[in-house]
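Below is one structure, written out as structure tokens, with a few remarks after it.
There are 2 protein chains.
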Amino acid sequence: MNNRENNKHRTTVSIYGQQYTVVGQEDPAHVKEVARIVNDQMREIKRRNPYLDTTRLAVLTAVNVVSEYKKAEAEQRNKDS
Amino acid sequence: MNNRENNKHRTTVSIYGQQYTVVGQEDPAHVKEVARIVNDQMREIKRRNPYLDTTRLAVLTAVNVVSEYKKAEAEQRNKDS
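Those protein sequences? They're chains U and E, same order as listed. Going by this note's numbering, the first residue of the first sequence is number 5, and it counts up by one from there. Going by this note's numbering, the first residue of the second sequence is number 5, and it counts up by one from there.
Take a look at the structure:
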């Protein structure tokens, strides 16, 4: 292993029945927590919209997460000012 | 239109070549900004990983967004404490 690879982790997670290997400097515990959140959100959206195909489900999961993030960010800005 | 529907918006956005109609109390400008962010992230991840199919691409976009969100949240907690 060379220096450049020394601080890289390979973490394999399962999301909605598929395996993903994440390579990077992220702590494996962080990657696993993130995967669990995405997996849970996909299952929740699927429960409410059983007709959705997996691609649209994954896109809507990303949309939900970004939406929550932007709202939290705006709230934080209001608190800070 | 009845009262229950009065404060609901229908916003149609295009993400990665597919149309999505978002129904809810969100401001259409918020929904459009969120869609633009997801679309841009999907195109960026696809540029770096051209072999990815659209489902895996969308799942990895959700993973990226949640990962950034959790890191920003942790940073904010450190600032607050």
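Note that beta-carbon positions come from the ideal geometry of N, C-alpha and C, so glycine has one too. Being a predicted model, the structure only gives us computed values, none of them experimental.
Asked: In this structure, what does DSSP give as the bridge partners for Thr25 (chain E)?; Found: E:Thr16
Asked: Pair every Cβ in the stretch 25–39 of chain U with every Cβ in the stretch 62–75 of chain U, then say whether three or more of these pairs are closer than 8 Å.; Found: no
Asked: Distance check for Arg47 (chain U) and Lys50 (chain E), CA to CA, integer angstroms please.; Found: 24 Å
Asked: Taking 8 Å as the CB-CB cut-off, is Ile49 (chain U) touching chain E?; Found: no
Asked: By Cβ distance, which residues of its chain are closer than 8 Å to Gln45 (chain E), with the 5 residues on each side in sequence left out?; Found: Thr65, Asn68, Val69
Asked: In the structure shown, what three-state DSSP assignment does Tyr89 (chain E) receive?; Found: Because chain E in this structure spans residues 5 to 85, residue 89 (chain E) falls outside the shown range and cannot be described.
Asked: Work out the CA separation of Ser85 (chain U) and Gly21 (chain U) for me, nearest whole Å.; Found: 43 Å
Asked: Hey, Arg29 (chain U) and Gln80 (chain E) are a contact pair by Cβ (cut 8 Å); roughly how many whole angstroms apart?; Found: Correcting the residue identity first, residue 29 (chain U) is Gln in this sequence and not Arg. Contact doesn't hold; Cβ gap of about 21 Å is too wide.
Asked: Determine, using beta carbons only, whether Ala62 (chain E) and Val63 (chain U) come nearer to each other than 8 Å.; Found: yes
Asked: Candidates U:Lys75, U:Asn11, U:Val42, U:Asp31: which alpha carbon is nearest Ser18 (chain U)'s?; Found: U:Val42
Asked: Flag this pair as yes or no: are the beta carbons of Thr59 (chain E) and Thr58 (chain U) separated by less than 8 Å?; Found: yes
Asked: Compute the minimum distance between the beta carbon of Val69 (chain U) and the heavy atoms of the ligand GTP, and state whether it is under 7 Å.; Found: Among the components of this structure there are no ligands whatsoever, and the ligand GTP is therefore not found.
Asked: Expressed to the nearest angstrom, what Euclidean distance is found between the alpha-carbon atoms of Pro54 (chain U) and Gln23 (chain E)?; Found: 18 Å
Asked: Output needed in chain order: residues of the stretch 26–44 of chain E with a Cβ under 8 Å from some Cβ in chain U.; Found: Val26, Glu30, His34, Val35, Glu37, Val38, Ala39, Ile41, Val42
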